[in-house]
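Visitor:
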Amino acid sequence: GESVGLHLPTLSVQEGDNSIINCAYSNSASDYFIWYKQESGKGPQFIIDIRSNMDKRQGQRVTVLLNKTVKHLSLQIAATQPGDSAVYFCAEIPNQAGTALIFGKGTTLSVSS
Amino acid sequence: GAVVSQHPSRVICKSGTSVKIECRSLDFQATTMFWYRQFPKQSLMLMATSNEGSKATYEQGVEKDKFLINHASLTLSTLTVTSAHPEDSSFYICSCYREPYGYTFGSGTRLTVV
């Protein structure tokens with residue numbers, strides 16, 4: 004079936020740096036995308052979402068960029084902090100709202116101080 | 379905000395026994411509930427989609443007789459792992475969907491079968 008993939012499995016940054024986590028999705032019909040943060044032994048935590056009619060959305064210290072032409076999604080974290088260390092997943096909804104999220108493979112972000 | 383409670387957080391069981399995991403939406407009624415399984419250093423894999431009062435829809439490769447899902451109300455879904463074996467050891471996560479909250483995840487259940 005359709006799946007969402009990620010370019011890099013791990014990303015190591017220094018505290019204060021900006022982090023960029025990438026995601027490639029395969030279903031051009033997907034209308035909605037979400038970035039999640041998962042800490043060890045916990046469930047996914049919502050970070051930010053974006054709909055396909057947008058190409059950028061900003062939150063607090065985070066920005067999501069969507070390039071539908073190349074089916075690419077990215078999460079930018081400004082001034083990365085040690086507390087940002089976690090696994091980050093992008094997820095897509097290939098069907099209508101309320102159907103299952105399909106998750107990518109995940110990127111482990113490691114922030115050193 | 380929307381809160382989903384998942385219980386237990388950790389469980390160890392003997393091979394051949396059954397384990398039940400509960401997923402509750404605490405302050406909202408979920409339109410749909412989802413069950414995921416996550417192996418170490420891997421992504422969340424969808425197991426099944428569950429709607430209240432109807433049979434769950436299982437993903438390809440997920441044995442419905444082994445992973446029994448009961449969705450008795452709009453706030454409770456249970457996943458029972460029957461005749462558990464060591465290869466069923468995993469992290470099980472539920473998700474509840476309702477507008478305008480979107481998707482809310484439980485905190486997960488770590489199942490270890492010995």
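Protein sequences appear in the order of chains S and P. So the first sequence is numbered by the numbering used here: it starts at 4 and just counts up by one. So the second sequence is numbered by the numbering used here: it starts at 379 and just counts up by one. Note that the Cβ used here is the ideal one computed from N, Cα and C, for glycine as well. Note that the coordinates shown come from a computational prediction; the quantities given were computed from them, not determined experimentally.
#1: Taking the C-alpha atoms as reference points, what is the distance between S411 (chain P) and S451 (chain P)?
#2: In its own chain, which residues sit with a C-beta less than 8 angstroms from the C-beta of Y479 (chain P), not counting the 5 before and 5 after it?
#3: Against chain P, with Cβ distances strictly below 8 angstroms, would K108 (chain S) count as a contact?
#4: Answer yes or no: does any C-beta atom of chain S fall closer than 8 angstroms to that of T427 (chain P)?
#5: At 9 angstroms on the CB atoms, spell out the chain S contacts of G484 (chain P), in chain order.
#6: CB-CB under 6 angstroms to R388 (chain P), same chain, minus the five flanking residues each way: which ones, in chain order?
#7: Apart from the five residues on each side of it in sequence, which residues of its chain come closer than 6 angstroms, Cβ to Cβ, to Q68 (chain S)?
#8: In chain S, what lies closer than 8 angstroms to Y481 (chain P) by C-beta?
#9: Measure the alpha-carbon distance for Y414 (chain P) versus I23 (chain S) and round it to whole angstroms.
#10: Using 10 angstroms around the beta-carbon of R54 (chain S), count the other beta-carbons present and answer buried if the total reaches 16, otherwise exposed.
#11: Please work out which residues of its chain come closer than 6 angstroms, Cβ to Cβ, to I399 (chain P), disregarding the five sequence neighbours upstream and downstream, and give them in chain order.
#12: Where D443 (chain P) and E437 (chain P) are concerned, what is the direct C-alpha to C-alpha distance, given to the nearest angstrom?
#13: Please compile the residues from chain P whose C-beta is within a distance smaller than 7 angstroms of the C-beta of G101 (chain S).
#14: Are the C-beta of E5 (chain S) and some C-beta of chain P separated by less than 8 angstroms?
#15: If we ignore side chains and look at the alpha-carbon of each, how far apart do H10 (chain S) and N56 (chain S) end up?
#16: Please state whether DSSP places E95 (chain S) in a helix, a strand or coil.
#17: Label Q48 (chain S) either buried or exposed according to how many other C-beta atoms from any shown protein chain fall within 10 Å of its C-beta, with 16 as the threshold for buried.
#18: Applying the 10 Å Cβ sphere with the 16-neighbour rule, what's the burial state of I37 (chain S)?
#19: For the beta strand (DSSP E) containing D52 (chain S), name the first residue and the last one.
#20: Who are the near neighbours of T395 (chain P) in its chain, counting only those whose CB is closer than 7 angstroms to its CB and skipping five residues on each side?
#21: Using a Cβ-Cβ cutoff of less than 8 angstroms, which residues in the same chain neighbour C472 (chain P) once the five nearest sequence positions on both sides are dropped?
#22: Please list the partners that L424 (chain P) has in chain S, where partner means a Cβ-to-Cβ separation under 9 angstroms.
Guide: Quick answer:
#1: As a working note, residue 411 (chain P) is residue 33 in the second sequence. As a working note, residue 451 (chain P) is residue 73 in the second sequence. Residue identity check: residue 411 (chain P) is Met in the sequence provided, not Ser. Cα to Cα, the separation comes out at about 11 angstroms.
#2: Sequence index remark: in the second sequence, residue 479 (chain P) carries index 101 (1-based). Excluding residues within five positions, the ones whose Cβ falls inside 8 angstroms are G379, A380 and F406.
#3: Your numbering for residue 108 (chain S) matches position 105 in the first sequence. Closer than 8 angstroms to some Cβ of chain P, the Cβ of K108 (chain S) qualifies, so yes.
#4: In the second sequence, the residue the question calls residue 427 (chain P) occupies position 49. Yes, its Cβ sits closer than 8 angstroms to a Cβ of chain S.
#5: The count along the second sequence starts at 1 and reaches residue 484 (chain P) at position 106. Correct list: G46.
#6: In the second sequence, residue 388 (chain P) corresponds to position 10, counting from 1. Counting only Cβ-Cβ distances below 6 angstroms, and skipping sequence neighbours, we find R488.
#7: Here residue 68 (chain S) corresponds to residue number 65 of the first sequence, with the count starting at 1. According to the sequence displayed, residue 68 (chain S) carries Leu and not Gln. Excluding residues up to 5 positions away in sequence, K59 and S77 lie with their Cβ nearer than 6 angstroms to the Cβ of L68 (chain S) in the same chain.
#8: Locating residue 481 (chain P) in the second sequence gives position 103, counting from the first residue. Those are I37, F49 and L104, listed as they occur along chain S.
#9: Translated into the one-based positions of the second sequence, residue 414 (chain P) becomes position 36. Translated into the one-based positions of the first sequence, residue 23 (chain S) becomes position 20. Each residue's Cα considered, the two are about 27 angstroms apart.
#10: Taking the first residue of the first sequence as 1, we reach residue 54 (chain S) at position 51. With fewer than 16 Cβ atoms within 10 Å of its Cβ, R54 (chain S) is classed as exposed.
#11: For the purposes of this step, residue 399 (chain P) is taken as residue 21 along the second sequence, with counting starting at 1. Correct list, in chain order: L457, Y470 and T487.
#12: As a position in the second sequence, residue 443 (chain P) is number 65, starting the count at 1. As a position in the second sequence, residue 437 (chain P) is number 59, starting the count at 1. In a straight line, the C-alpha of D443 (chain P) is about 13 angstroms away from that of E437 (chain P).
#13: Here residue 101 (chain S) refers to the residue found at position 98 when the first sequence is read from its first residue. For G101 (chain S), the C-beta contacts it makes with chain P under 7 angstroms involve T409, T410 and Y475, in order along the chain.
#14: Here residue 5 (chain S) refers to the residue found at position 2 when the first sequence is read from its first residue. Reliability of the predicted coordinates at E5 (chain S) is poor, the pLDDT of 38 falling under 50, and the value obtained from them is presented with this limitation in mind. Not one chain P Cβ lies under 8 angstroms of E5 (chain S).
#15: For the purposes of this step, residue 10 (chain S) is taken as the residue at position 7 of the first sequence. For the purposes of this step, residue 56 (chain S) is taken as the residue at position 53 of the first sequence. Unreliable positioning characterises H10 (chain S) in this predicted model, as indicated by a pLDDT of 45, which lies under 50. A coordinate reading is not provided.
#16: Looking up residue 95 (chain S) in the first sequence gives position 92. Residue state, collapsed to three classes: strand.
#17: What you label residue 48 (chain S) is simply residue 45 of the first sequence in a count that begins at 1. Exposed.
#18: On the first sequence, position 34 is the one that residue 37 (chain S) refers to. Classification of I37 (chain S): buried, given that the 10 Å Cβ count is 16 or more.
#19: Position 49 of the first sequence, counted from the start, is the residue given in the question as residue 52 (chain S). Q48 to R54 is the span of the beta strand (DSSP E), which, as asked, contains D52 (chain S).
#20: Taking the first residue of the second sequence as position 1, residue 395 (chain P) is located at position 17. Hits under 7 angstroms: A462.
#21: Indexing the second sequence from 1 puts residue 472 (chain P) at position 94. Only V382, Q384, I399, C401, M411, F412, W413, Y414, S455, L457, F483 and G484 meet the Cβ criterion.
#22: Working through the second sequence from its first residue, we reach residue 424 (chain P) at position 46. Chain-ordered, the chain S residues with CB closer than 9 angstroms to the CB of L424 (chain P) read A103, L104, I105 and F106.
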